[in-house]
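Q:
In my numbering, the protein residues as written are 384 to 570.
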């Protein structure tokens, strides 16, 4: 029988293992020719979907890798940052590596069954997180009924867009808590 190559994926890692759509993650893996013949140059695709059963060309493409010719036992290492698509389904997803997508490595049909592998990746919802920064009250003391200047910045440190909201400025004697019963200075 003819010596045939057999490309497989080893040590597939996505780091971090979760992130929202639009986030950047690192994908690393090794492409190994575990066959007895030399593999011709080929193309490897990295895709994401919600299935552990199969991956198709309609699933979002994260990365295309040009794989050099690999002698029997030889490997090629891939380490690349990719962007998770913004519209990807929130929840459990899988990052797939598909070897020899155009059937150019010369594996023959017998060695193509192990060309696909996957690892879990959780797509999280992009949420806003509003914080107050650079709060300044001037002057810092005064009598009841006096006028003060209050300035601050509202920053969204989250990953999602914040909708329209209301910010209240209140005064009290506690550094631990503020309540809706504390006097309202500004809305």
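Think of the CB as a built atom: it goes at the ideal place given N, C-alpha and C, for glycine as much as any other residue.
Tell me whether residue 447 is buried or exposed, calling it buried when 16 or more other Cβ atoms sit within 10 Å of its Cβ.
A: exposed
Q: Counting pairs of Cβ atoms below 8 Å between the stretch 465-485 and the stretch 409-427, do you hit three or more?
A: yes
Q: Please specify which runs of the beta strand (DSSP E), each continuous and at least 3 residues long, are wholly inside the stretch 432-511, giving them in chain order.
A: 444-450, 458-466, 474-481, 499-507
Q: What does residue 427 pair with, by DSSP beta-bridge criteria?
A: In the DSSP output, where bridge partners are listed per residue, residue 427 has 448.
Q: Looking at the unbroken beta strand (DSSP E) that takes in residue 402, where does it start and where does it end?
A: 401-403
Q: Pick helix, strand or coil for residue 551, following the three-state DSSP scheme.
A: coil
Q: For a test of the three-state rule: what should DSSP assign to residue 539, helix, strand or coil?
A: Strand, per DSSP.
Q: By the 10 Å Cβ neighbour count, where 16 or more other Cβ atoms means buried, how is residue 518 classified, buried or exposed?
A: With fewer than 16 other Cβ atoms from the protein chains shown falling within 10 Å of its own Cβ, residue 518 counts as exposed.
Q: Terminal residues of the continuous beta strand (DSSP E) containing residue 518?
A: 513-521
Q: Judging by CA-CA distance, which residue of 484, 560, 515 is the nearest neighbour of residue 494?
A: The shortest C-alpha to C-alpha distance from residue 494 to any of 484, 560, 515 is the one to 484.
Q: Can you tell which of 463, 439, 556 has the C-alpha that lies nearest to the C-alpha of residue 398?
A: 463
Q: Check the DSSP bridge columns for residue 560 and list the partner residues they point to.
A: Bridge partners of residue 560: none, in fact.
Q: Closer than 7 Å by C-beta to residue 443: which residues in its own chain qualify, once you throw out the five before and the five after it? Chain order, please.
A: 430, 431, 468, 471
Q: Using 8 Å for Cβ pairs, my map puts residue 455 next to residue 418. What's the rounded Cβ distance?
A: Between residue 455 and residue 418, the beta carbon gap of about 6 Å places them in contact (Cβ cut-off 8 Å).
Q: Let me confirm a value: residue 550 is counted as buried when at least 16 other C-beta atoms fall within 10 Å, else exposed. Which label applies?
A: exposed
Q: Report yes if the CB atom of residue 426 is closer than 9 Å to the CB atom of residue 453, and no otherwise.
A: no
Q: Can you say whether residue 488 is buried or exposed, counting buried as having 16 or more other CB atoms within 10 angstroms of its CB?
A: buried
Q: Leaving out the 5 sequence neighbours to the left and right, which residues in its chain are closer than 7 Å to residue 435 when beta-carbon positions are compared?
A: 477, 501
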